[in-house]
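K.L.:
For any residue, its number in this note's numbering is found by taking its place in the sequence shown, counting from 1, and adding 7. In this text, a Cβ means the ideal position worked out from N, Cα and C, and glycines have one as well. Below is a structure I'd like to ask you about.
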Amino acid sequence: MFINLLKAMRPKQWAKNIFIFVPLVFDRKLFNVPSLLTTLAGIGVFCLLASTIYLINDLSDLEADRQHPRKRYRPIASGALSTNSARNAVILLLIICLPAAYLIDFGFFITCFIYMASNFLYSKWIKHTPLLDVLFLAGFYVIRVSAGVTLIEVERFSPWLYIFTTFLALYLGIGKRRAELSQLSGEASITRRVLDGYTINFLDNLTLLVSGIAIITYSLYTFTAPNLPENHSMMLTIPFVIYAIFRYLYLIQVVNIGDIPEDIFYTDRPLQVCMLLWGATVFIVFYVLPML
8 MFINLLKAMR
18 PKQWAKNIFI
28 FVPLVFDRKL
38 FNVPSLLTTL
48 AGIGVFCLLA
58 STIYLINDLS
68 DLEADRQHPR
78 KRYRPIASGA
88 LSTNSARNAV
98 ILLLIICLPA
108 AYLIDFGFFI
118 TCFIYMASNF
128 LYSKWIKHTP
138 LLDVLFLAGF
148 YVIRVSAGVT
158 LIEVERFSPW
168 LYIFTTFLAL
178 YLGIGKRRAE
188 LSQLSGEASI
198 TRRVLDGYTI
208 NFLDNLTLLV
218 SGIAIITYSL
228 YTFTAPNLPE
238 NHSMMLTIPF
248 VIYAIFRYLY
258 LIQVVNIGDI
268 PEDIFYTDRP
278 LQVCMLLWGA
288 TVFIVFYVLP
298 ML
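Okay, here's the thing in structure tokens:
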């Protein structure tokens, strides 16, 4: 039961919570021990909170998941984890998460509450509404960044990072919808009703729009943010962002994968290498060059 519960909590999707690290890294507080420990504690709580929401969603979408070619193998949909066990786990996780969030920081607690409320609204109504569904999905990433801001004393965190996060998340969400529509074909309306409101051509046009804006907003950040080096060395990270966006687009439209975006980041080696090089460059620009 414990193994099936852990699977139902979807630990693979905890990778999304790396966005909580963004304020810590980009406000140059990575080596500030209190800020680092508080952020790590916040990420731990947020992971459990996200898992709680995944369990609630799986319980509410039980019948639809059983008709889905992939989701029917999830622990609750397949019967490997009983609904009573899942409900008990939800209660226990909420008892742990909410008080822990409050103890860490009141602002963080409010952000967690907004994240929960937004997810419930999304699961109940928004996920069936074209366009609003991907906007809400993008909002969840922005909330993660906001959660990271509440965990530290921000000094010079650029608002451009909020804008870039929004369009990057829209890019991922639209790509996810395109992959679902392409792979499910005739079963799309049965397994996910919102797909009736999309076409491949429409989603491709949206992808081109938001990917271009994502690249532009990140580029603007690299030479306008107040806490960047005066020599504009942060612009060296732009090629990595461009390649990552192009690579993801290639995987969605050519390889025809992407209905589970986090699986791409766990399995695609070129994308992993690109992100490591981007992270190393950011670290050098922010933390190594100032000491030289």
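Out of Ala48, Ile133, Ser67, which one is the CA nearest neighbour of alanine 108?
P.N.:
Of Ala48, Ile133, Ser67, the residue nearest in Cα terms is Ala48.
K.L.:
Is methionine 8 closer than 8 Å to isoleucine 60 when the C-beta atoms are compared?
P.N.:
No, these two residues do not count as a Cβ contact at 8 Å.
K.L.:
On a Cα-Cα basis, can you pick out the residue from Val280, Arg276, Ile252, Ile271 that is closest to alanine 22?
P.N.:
When each option's Cα is compared against that of alanine 22, the closest is Ile271.
K.L.:
Do isoleucine 159 and leucine 31 have their beta-carbon atoms positioned less than 8 Å apart in this structure?
P.N.:
The answer is yes: Cβ separation under 8 Å.
K.L.:
Can you grab the Cα-Cα spacing for the pair glutamate 237 / phenylalanine 290, in whole Å?
P.N.:
Whole-angstrom Cα-Cα distance: 16 Å.
K.L.:
To the nearest angstrom, how far is the alpha carbon of aspartate 34 from that of leucine 100?
P.N.:
Approximately 31 Å, taken between the alpha carbons.
K.L.:
Short of 7 Å in beta carbon distance, which residues of its chain neighbour valine 156, apart from the five on each side in sequence? Order them along the chain.
P.N.:
Once the five neighbours on either side are set aside, the close Cβ partners of valine 156 are Pro30, Phe164.
K.L.:
Looking at proline 268 and lysine 131, is the spacing between their C-beta atoms short of 8 Å?
P.N.:
It is not a contact, given that the beta carbons lie outside the stated cut-off.
K.L.:
Taking 6 Å as the limit between beta carbons, can you name the residues of its chain near asparagine 11, skipping five residues before and five after?
P.N.:
So the qualifying residues of the chain are Pro82, Ala87, Leu88.
K.L.:
What's the C-alpha gap between lysine 19 and isoleucine 50?
P.N.:
One C-alpha to the other measures close to 14 Å.
K.L.:
Note down, in chain order, each residue of its chain lying with its Cβ closer than 8 Å to the Cβ of isoleucine 98, except the 5 sequence neighbours on either side.
P.N.:
Excluding sequence neighbours, isoleucine 98 sits near nothing in its chain.
K.L.:
List, from N- to C-terminal side, the alpha helix (DSSP H) runs of 4 residues or more that fit wholly inside the segment 94-148.
P.N.:
113-131, all fully within the segment 94-148.
K.L.:
Would you kindly report the start and end of the unbroken alpha helix (DSSP H) that includes lysine 318?
P.N.:
For the chain, the structure presents residues 8 to 299; residue 318 sits outside this window and is missing.
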